[in-house]
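To start, the structure itself, in structure tokens.
2 protein chains.
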Amino acid sequence: MDDEQKLTQLKSLLNEVWDLRRVVRLLQWDQQVKMPIGGTHGRAHQLATLSQLEHVKFTSEEIGQLLEDLQPYAGQLDPDANDARLIRVTTRRYKKKTRVPADWVARKAEAASEGYRAWEEARATDNFSLFQPYLEKNVSLRQEYAEFFKPYEHVYDPLLDEFEPGIKTREVQQIFDELRPQQVALIQAIGDRPQVDDSFLHQPFDEKKQWDFGAEVVTRFGYDWKRGRQDVSPHPFTESLGLGDVRITTRFMPDYLSSAMFSTFHESGHAIYEQGIDPDLDRTHLATGASLGLHESQSRLYENLVGRSYDFWIHFYPRLQEYFPMQLANVSLESFYSGINKVEPSLIR
Amino acid sequence: MDDEQKLTQLKSLLNEVWDLRRVVRLLQWDQQVKMPIGGTHGRAHQLATLSQLEHVKFTSEEIGQLLEDLQPYAGQLDPDANDARLIRVTTRRYKKKTRVPADWVARKAEAASEGYRAWEEARATDNFSLFQPYLEKNVSLRQEYAEFFKPYEHVYDPLLDEFEPGIKTREVQQIFDELRPQQVALIQAIGDRPQVDDSFLHQPFDEKKQWDFGAEVVTRFGYDWKRGRQDVSPHPFTESLGLGDVRITTRFMPDYLSSAMFSTFHESGHAIYEQGIDPDLDRTHLATGASLGLHESQSRLYENLVGRSYDFWIHFYPRLQEYFPMQLANVSLESFYSGINKVEPSLIR
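The listed protein sequences derive, respectively, from chains A and B.
Just add 14 to the spot in the first sequence (first one is 1) and you have our numbering.
Just add 14 to the spot in the second sequence (first one is 1) and you have our numbering.
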């Protein structure tokens, strides 16, 4: 085989791996959105089997050999060319994944799936003790994972690398060391001033109208409904099951407008990023976001830089008032804008 | 390995195969119930990859060797014991599947998935020509499949065997040769008498109330909602994604009561059969209905023998009248019973 044939063969093997990855995602999406509770144990088995298969297929000697053989070829390409990036990104992932035993992958997939179910029940019944043993098991599995990457500078480095390739815990600490004093000062300064009134956001808002307004806005953002759908789940998320099938979820609070609205804006940002991926990259390890940081930059762009901006609401606030005249007819654009930008410490942020 | 260890090893391999089978079913269920149209090609790839993987895993030499080694052991067991049946049923399927090339499995899964999408569109727009090329491709794939089983008595035998293991086209023809003259005579005799009035079934019926009544009845039949769910799809079906996750679908006609109601009864019959499978058989080739004939016997039991019986409606008709007083308050139980049992030739039956 010459280099181009090897590259074609590599892509064909990666296509199979990537199909498995997406099927794992469908199993997860379905568990969170549709699956009846009776499916829990069977789903955990399915996730374990599929995740392990994906792992075994990806860490095969054949893929390793092709990647090794293709290094000189990749070196001759424009480093920004898709093929050069594919070889680089895939080689990096290959080197990582081959340090992880397949049985750990199966155990982790099963524990995560069982743990999700326990989390859901603990959340619904406000009873942390239901979730605690599952959390402990999942944390211990993560610790086990870190050990595969010894020696490390910090135990969190191998885990962090899953979200933001290459970054070190030390660097994140430096960023926060610099930001934290400024943030604390800022929040204190805000706290010293009279608090903004956002009581109008805490009223009964019809769920269907919340859904419709959110859908209208994200359609205008560019979210393509022919290549996606929205459902309700306990915690909002975005899942790409293919470049033509990027799904978002949200959740509704009957007495608080901001929750579903901004989560829908947020998830649409993740989804638009995924829907925008070049079809040439489909079914390879380039057919996804480059990192969690980049992904969050896109979701928060739509949620905050756009969705909490004054200019945005000049256009959309009259429309929102049409949806909810009883609640908002007497709230001015300026009050609304202040209300949705109210800053206060919360339990998670 | 002694025989018991070999059996344990066989089961463990079959568990993996069966997980893949169920994931294929989830991919199909999702395509018919939830997937946006943009997912079509990606889903076809996923189905091809997963179906092929399932096939390759199942037709492995390791499973073949274990089955061969276990034949004497199986011969010593009570022929009705689960393990004896498992070895027998799995050996039969293994012998069949090893005659089928893996690439045919992939091509067929892809063609079926693409074909489903075309069928859906052709159906919605009443335009057969959209579906015709896909139908031709799928028929030609089935013809190709039959060739793997040459010599055969009848080209349909290898296909029929997928639905009803062991039966021959000749036998089905004999059954129909005997039944047809009696059926024709019966339908003619019915046609000679004054037709039953079922006009009250053809009125507007609120969709949500149709849903609720159907759900109430199948709950009483024993359908377990903690191990299942109902959705809407273009054509009603049942899919088992696990013994704890057996899903049904239905479709609603706004102006005809019988359609969704009897299809819900029907699918619940399929589902109750699947939900009733012994958990000891889970994740093996015994964790499903024994044949299509047995499956239809269960669905039609609930749809017809129960759901169209007079005694059933003595109990449920007053309840149905509460759901639809405007439409049914003035229709007697006897008229209703006659109406739902009206016999007339249709395009499919």
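All residues carry an ideal CB built from backbone N, CA and C; glycine is no exception.
Worksheet item: To the nearest angstrom, how far is it from the Cα of E221(A) to the Cα of S273(A)?
Response: 11 Å
Worksheet item: When the Cα atoms are used, what is the spatial distance from E30(A) to R137(A)?
Response: 36 Å
Worksheet item: What first and last residue would you give for the alpha helix (DSSP H) that runs through T124(B)?
Response: According to the sequence shown, residue 124(B) is Glu rather than Thr. Note, E124(B): alpha helix (DSSP H), 116–139.
Discussion item. Restricting to Cα atoms, I'd like to know which of P93(A), F330(A), W133(A) is closest to E230(A).
Written reply: F330(A)
Practice prompt. Give the residues from the stretch 239–262 of chain A that approach chain B closer than 9 Å (Cβ to any Cβ), ordered along the chain.
Written response: W239, K240, R241, G242, R243, D245, L255, G256, L257, G258, D259, V260, R261
Worksheet item: Between the C-alpha atoms of I201(A) and E317(A), what's the straight-line distance to the nearest angstrom?
Response: 20 Å
Fill in: Residue of S349(B), I262(B), K111(B), S143(B) minimising C-alpha distance to I77(B)
K111(B)
Item to complete: Tell me where the alpha helix (DSSP H) around T22(B) begins and ends.
Response: 17–47
Worksheet item: Would Q42(A) be called buried (16 or more neighbouring beta carbons within 10 Å of its own) or exposed?
Response: buried
Discussion item. Below 6 Å, is the gap between the Cβ of Y270(A) and the nearest heavy atom of the ligand MG?
Written reply: Of ligands this structure carries none, so the ligand MG is not represented either.
Worksheet item: Are the Cβ atoms of S65(A) and A123(A) separated by less than 7 Å?
Response: yes
Worksheet item: Helix, strand or coil: which one does DSSP assign to V210(B)?
Response: coil
Worksheet item: Does the stretch 250–265 of chain A come close enough to the stretch 274–289 of chain A to have 3 or more Cβ pairs within less than 8 Å?
Response: yes
Discussion item. Within 10 Å of its beta-carbon, does L361(B) have 16 or more other beta-carbons around it, so buried, or fewer, so exposed?
Written reply: exposed
Worksheet item: Just checking my contact of G283(B) with R314(B) at CB under 8 Å: how many whole Å lie between their CB atoms?
Response: 7 Å
Worksheet item: When the Cα atoms are used, what is the spatial distance from L149(A) to V186(B)?
Response: 57 Å
Practice prompt. Buried or exposed for H59(B), please, with buried defined as at least 16 other CB atoms from any protein chain shown within 10 angstroms of its CB.
Written response: buried
Item to complete: Taking 7 Å as the cut-off, decide whether the C-beta atoms of I51(B) and K48(A) are in contact.
Response: no
Worksheet entry | Min CB distance D33(B) to chain A below 7 Å | yes
Worksheet item: Counting Cβ pairs closer than 8 Å, one from the stretch 83–100 of chain B and one from the stretch 139–159 of chain B, do we hit at least three?
Response: no
Practice prompt. Just the chain B side, please: which residues come within less than 9 Å of L64(A) by C-beta, in chain order?
Written response: D33, L34, V37, L64
Worksheet item: Apart from the five residues on each side of it in sequence, which residues of its chain come closer than 6 Å, Cβ to Cβ, to F177(A)?
Response: L306
Worksheet item: Per DSSP, R261(A) is paired with what?
Response: E253(A)
Discussion item. Just to confirm my understanding: we take A343(B), look at its own chain, exclude 5 residues before and 5 after, and list those with CB closer than 8 Å. What are they?
Written reply: Q335
Fill in: Residue(s) in a DSSP beta bridge with V246(A)
T264(A)
Worksheet item: Span of the alpha helix (DSSP H) holding P332(A)?
Response: 324–337
Fill in: Nearest candidate by alpha-carbon position, reference F338(A), set K151(A), Q224(A), E281(A)
Q224(A)
Fill in: Cβ shell of Y237(A) (< 8 Å), same chain only, five flanking positions each side left out
I262, S282, A285, I286, Q289
Worksheet item: Helix, strand or coil: which one does DSSP assign to H69(B)?
Response: helix
Discussion item. Counting only Cβ pairs nearer than 9 Å, list the residues of chain A close to L41(B).
Written reply: V37, L40
Worksheet item: Are the C-beta of Q60(A) and some C-beta of chain B separated by less than 7 Å?
Response: yes
Discussion item. Run through chain B and tell me which residues come within less than 7 Å of E30(A), C-beta to C-beta.
Written reply: T63
Worksheet entry | Where R156(A) falls: helix, strand or coil (DSSP) | helix
Worksheet item: Under 7 Å, do D171(B) and K182(B) count as touching if we go by C-beta distance?
Response: yes
Discussion item. If the criterion is Cβ atoms closer than 7 Å, does the pair R36(B) and L347(B) meet it?
Written reply: no
Discussion item. Looking at the secondary structure, which residues open and close the alpha helix (DSSP H) in which Y87(B) lies?
Written reply: 75–90
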